[in-house]
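J.: Numbering (the numbering used here), first residue to last: 172 to 415. The structure that follows is given in the form of structure tokens.
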Amino acid sequence: MEVTFNFTGKRFVVTGASSGMGRQIAKELALAGADVLAIARRLPELEQLQAEFPKHITIASADVTDYSAIEQVVSTFVQEKGKLNGSVHAAGILTFTPLRAFDEVQAKKVMDISFWAGINLLKLITKKKYSMDSTSHVQFSSVSASRGQKGLSAYSATKAAIHAGVRSVAKELADRGHRLNVVSPGWVNTDMTKDTLTNDTIVNEHLLGIGTPEDVSGMVLFLLSNRARWITGADFVVDGGYLA
């Protein structure tokens, strides 16, 4: 039996929605009846997404590290659609930098987008004026948090920080009935990773092959749904057997 979800009457924020997993999750939420605020920097890609689901997807071209800009678009969305039922922070960047060429500025950018922007998003949208009771939130980490790879020190450290941060924040949010979990994908075929996936070693280490955004989105929708109402502070690895 195929598992389906019904999010009719629910409202979610999805960052990184112009491509990859963020885009797939925004689409599947819309297909399941949710109203989605899709946030990313690339407006043309967002406009294409909205054209597919004009009744369910609202778009906002914004920098996730700009708290004021994100609050403005969230506030407008809530005024128009109603309070939020959850969020997915899928925004992130991938950079390969060996130690001899380590760039602290670039490393901080990786951390700012994936970690700090995610924490600030939670701080913002769990405010009572923006949030329903008992909401659900998903942050994206990676198998790179658990398994090192050359040139990925900043990326791996950032993803590990998400694990640690979520465990602490989940305890705070639980006091108000909110849930927060992490999804850690393996290497998934997206625009961000396409250059990396020419590495035969990475490809061959996935027992079930390289994944697609659709291979990950089902776990995210499950965690956002009421079927996961007794799950919080947890990390879910969806990696095609990469860490086996």
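Glycine is no exception: its CB is placed at the ideal position from the N, C-alpha and C atoms. Owing to the predicted nature of the structure, the values given are computational and were not obtained by experimental measurement.
Ser355: buried (16+ other C-beta within 10 angstroms of its C-beta) or exposed?
T.: buried
J.: If you compare alpha carbons, which of Pro384, Val281, Gly289 is closest to His308?
T.: Gly289
J.: Is it true that the CB of Phe178 sits closer than 8 angstroms to the CB of Leu208?
T.: no
J.: Let me know the secondary structure DSSP gives Pro225 once reduced to three states.
T.: coil
J.: Measure from the alpha carbon of Gln310 to the alpha carbon of each residue in Lys181, Gly187, Val245, then state which is nearest.
T.: When each option's Cα is compared against that of Gln310, the closest is Gly187.
J.: Quick one: any contact between the segment 191–199 and the segment 261–274, if contact means 3 or more CB pairs under 8 angstroms?
T.: yes
J.: Can you check which of these residues, Thr329, Thr268, Asp206, Gly411, is closest to Asn256 by C-alpha distance?
T.: It is Asp206 whose Cα lies nearest to the Cα of Asn256.
J.: Does Arg347 come out as helix, strand or coil in the three-state DSSP assignment?
T.: coil
J.: So for Asn256, helix, strand or coil by DSSP?
T.: Asn256: strand per DSSP, three-state reduction.
J.: Using the beta-carbon count (16 or more within 10 Å), is Pro215 buried or exposed?
T.: exposed
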